[in-house]
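S.K.: Take this structure first; my questions come after.
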Amino acid sequence: MIMRYLRNKFYYYKYSISEMCNLGEVYINGLKYAINIDAKKIGEKGLSKTIITSKNGGQIKINKNSIIREGCKIENNGKGVIEIGFDTNINENTMIKTNGNANIIIKNNCEISWNCQILGSDFHQILYNSKIKKSFCADVFIGEHVWIGTNSIILKNTKIGNNCVIQANSLVIGQFPDNCLIGGNPAKILKYNINFRNLSSEEKKGFL
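This is the structure in structure tokens:
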């Protein structure tokens, strides 16, 4: 790893980024050592900017061989952790965002399509008779080898098991076991005992 500096207004923020990472149009902003990037690729040159920000002491970690494509936003506005595992591919214009003490953990070898949202918070408190009805922040956990279809939204307090597939345009909240096809609004289990095959690098050429 090497240390680089990025100028933001009148301050320099130090973050850790692998010298092997191919950077496109990227904006990175965080407190000292809050952001640790060991990814293979972040963003694209000349295309919409990829934004990675951390505030209030929260941590962001992106592990080896992962790819974050153009227009993505990864924001940690709280004190929790956002971690993206090894060999995970996150496609264009996807947002990953949390607040409070909520963590978002995405494990290894996942495929996340474009225009998805993964949210660890409602970002507003819900009141009932002037009293807080429920917590507005909770963890999100996405297991190993999960495929999330385009335009899907993963809400707080969700745990998705390994080898799951989430149908496009799904609204997901709750607990789901391994090897499930999940879909709908709100999402439910459509099939059990499923899996999927990742495309090879050669097969991905031309559309990923």
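Take any residue in the sequence shown, count from 1 to its spot, add 57: that is its number in the numbering used here. Just so you know, even glycine gets a beta-carbon here, dropped at the ideal spot from N, CA and C. It should be emphasised that the depicted structure is a prediction, and the values quoted were computed from it without experimental measurement.
By how many angstroms is the C-alpha of Y185 removed from the C-alpha of V203?
M.R.: Taking the sequence shown and counting its residues from 1, one reaches residue 203 at position 146. Taking the sequence shown and counting its residues from 1, one reaches residue 185 at position 128. So the two alpha carbons sit approximately 36 Å from each other.
S.K.: Out of N208, E168, N156, V197, state which residue places its alpha-carbon closest to the alpha-carbon of N220.
M.R.: Mapped onto the sequence shown, residue 220 falls at position 163. Out of N208, E168, N156, V197, E168 has the C-alpha closest to the C-alpha of N220.
S.K.: Check whether the Cβ of V203 sits closer than 7 Å to any heavy atom of the ligand ATP, and report yes or no.
M.R.: What this structure holds is no ligand at all, so the ligand ATP is not there to describe.
S.K.: Leaving aside the five residues before and after N250 along the sequence, list all residues of the same chain whose C-beta is less than 8 Å from its C-beta, in chain order.
M.R.: Along the sequence shown, one-based indexing puts residue 250 at 193. Cβ within range, chain order: N236.
S.K.: Put E168 into one of helix, strand or coil per three-state DSSP.
M.R.: Locating residue 168 in the sequence shown gives position 111, where the first residue counts as 1. Three-state DSSP puts E168 in a strand.
S.K.: Just the C-alpha distance for K118 and I205, rounded to the nearest angstrom, thanks.
M.R.: Locating residue 118 in the sequence shown gives position 61, counting from the first residue. Locating residue 205 in the sequence shown gives position 148, counting from the first residue. Spanning the two alpha carbons is a distance of roughly 20 Å.
S.K.: In this structure, how does DSSP classify E132 when only helix, strand and coil are distinguished?
M.R.: On the sequence shown, position 75 is the one that residue 132 refers to. Reduced to three states, the DSSP call for E132 is strand.
S.K.: Express the C-alpha separation of N160 and D196 in angstroms, rounding to a whole number.
M.R.: Residue numbering aside, residue 196 sits at position 139 when the sequence shown is read from its first letter. Residue numbering aside, residue 160 sits at position 103 when the sequence shown is read from its first letter. Taking the straight line from one Cα to the other gives about 5 Å.
S.K.: Leaving aside the five residues before and after N165 along the sequence, list all residues of the same chain whose C-beta is less than 8 Å from its C-beta, in chain order.
M.R.: Locating residue 165 in the sequence shown gives position 108, where the first residue counts as 1. Result list for N165: N120, G142, F143, D144, T145, E201, H202, in chain order.
S.K.: With 16 other CB atoms within 10 Å as the buried threshold, where does G157 fall?
M.R.: Position 100 of the sequence shown holds residue 157. The residue is buried, with at least 16 neighbouring Cβ atoms inside 10 Å.
S.K.: Have a look at P243 and I163 and give me their C-alpha separation to the nearest angstrom.
M.R.: For the purposes of this step, residue 243 is taken as residue 186 along the sequence shown, with counting starting at 1. For the purposes of this step, residue 163 is taken as residue 106 along the sequence shown, with counting starting at 1. When rounded, the distance between both Cα atoms is 21 Å.
S.K.: Where does the unbroken beta strand (DSSP E) through F198 begin, and where does it stop?
M.R.: In the sequence shown, counting from the first residue as 1, residue 198 sits at position 141. Start and end: 197-199.
S.K.: Taking I199 as the reference, which of K216, L212, E82 has the closest Cα?
M.R.: As a working note, residue 199 is residue 142 in the sequence shown. Of the candidates K216, L212, E82, the one whose C-alpha sits nearest the C-alpha of I199 is K216.
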